[in-house]
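Below is one structure, written out as structure tokens; the observations come after it.
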Amino acid sequence: MVGTGHERPASHLEAEQQNEVRLMKTMTRSSAAGFTLVEMIIIVGVISVVMVSATAVMPSVLKQSRADGSSQIVVNTLRLARDRAIEERRNMDLIFVPPNRIQVVREEITPAGGTPPPNPTIMDVYLENNQKFLYFSATGDTDDGFGLTNSPLAFGTTAGSIPLVMFTSEGTLVNTSGDPINGTVFLGAGSDVTSARAVTVFGPTALVRSWKWNGKKWAE
Numbered sequence: 147m148v149g150t151g152h153e154r155p156a157s158h159l160e161a162e163q164q165n166e167v168r169l170m171k172t173m174t175r176s177s178a179a180g181f182t183l184v185e186m187i188i189i190v191g192v193i194s195v196v197m198v199s200a201t202a203v204m205p206s207v208l209k210q211s212r213a214d215g216s217s218q219i220v221v222n223t224l225r226l227a228r229d230r231a232i233e234e235r236r237n238m239d240l241i242f243v244p245p246n247r248i249q250v251v252r253e254e255i256t257p258a259g260g261t262p263p264p265n266p267t268i269m270d271v272y273l274e275n276n277q278k279f280l281y282f283s284a285t286g287d288t289d290d291g292f293g294l295t296n297s298p299l300a301f302g303t304t305a306g307s308i309p310l311v312m313f314t315s316e317g318t319l320v321n322t323s324g325d326p327i328n329g330t331v332f333l334g335a336g337s338d339v340t341s342a343r344a345v346t347v348f349g350p351t352a353l354v355r356s357w358k359w360n361g362k363k364w365a366e
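Using this note's numbering, read the sequence shown as starting at 147 and increasing by one per residue.
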């Protein structure tokens, strides 16, 4: 066959193929060698920045988590006490024991002509992680506006006298006179206002709401 003038000699093609093979081997060795020193420095720098950021943020996140946990303990205790009052057809007294304890006592029925039986404590819970009943004056009242008398256990209208409150078998929160009563339990830790939490109870329906201080106002 007559050449066209564009075909390369076989020896030249073989040389190019050998060069390509050597180049591929070189690239393979470079990839297998891992990161370069510059790449390692960049990676270490990024990891350091992430760790410093996490170290700065974690204490705040932990405090907020603990504050939320104490609020949830109060919410769960109140709701469970109400549910049991309805299910067992008994009044459930709420006894707040400062600085961080809540007891729920069931009122037993005295049989006709009999001796009043003891009222058992059916729940006895404590707030955890240094959380306690605490009111910060900087926060003011929640949007429910149930008042601040006797804060942090804001029940009743007479300062210095926290009334006994109870859930009835109808599911309402009342005082010893049987009148529906609203109230707020304020919570916090130390002097840290960011830990401020509140739990409100609307007497007629015993609706329980949880509030969190966001630095400017109370928010659900």
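Just so you know, even glycine gets a beta-carbon here, dropped at the ideal spot from N, CA and C.
- Between SER297 and PHE332, the C-beta gap is smaller than 8 Å, which places the two residues in contact.
- DSSP, reduced to helix, strand and coil, places THR223 within a helical segment of the structure shown.
- Exposed is the label assigned to ASP270, since fewer than 16 other Cβ atoms lie within 10 Å of its Cβ.
- Assigned with DSSP and collapsed to three states, SER194 falls in helix.
- A straight line joining the alpha-carbon of LYS358 with that of ILE248 spans about 20 Å.
- Counting along the chain, the unbroken beta strand (DSSP E) around ALA300 starts and ends at 299 to 301.
- Boundaries of the beta strand (DSSP E) around ALA344: 338 to 348.
- If you look at SER356, you'll find it in the beta strand (DSSP E) that goes 353 to 359.
- Of all alpha-carbon atoms in VAL347, LEU226, ASN246, THR182, the one lying nearest the alpha-carbon of ASP289 is that of VAL347.
- DSSP, read as helix, strand or coil, puts LEU310 in coil.
- Sequence-distant partners of ARG212 (beyond 5 residues in either direction) whose C-beta falls short of 6 Å from its own C-beta, in its chain, are ASN275.
- With the rule of 3 Cβ pairs closer than 8 Å, the stretch 334 to 349 counts as touching the stretch 276 to 284.
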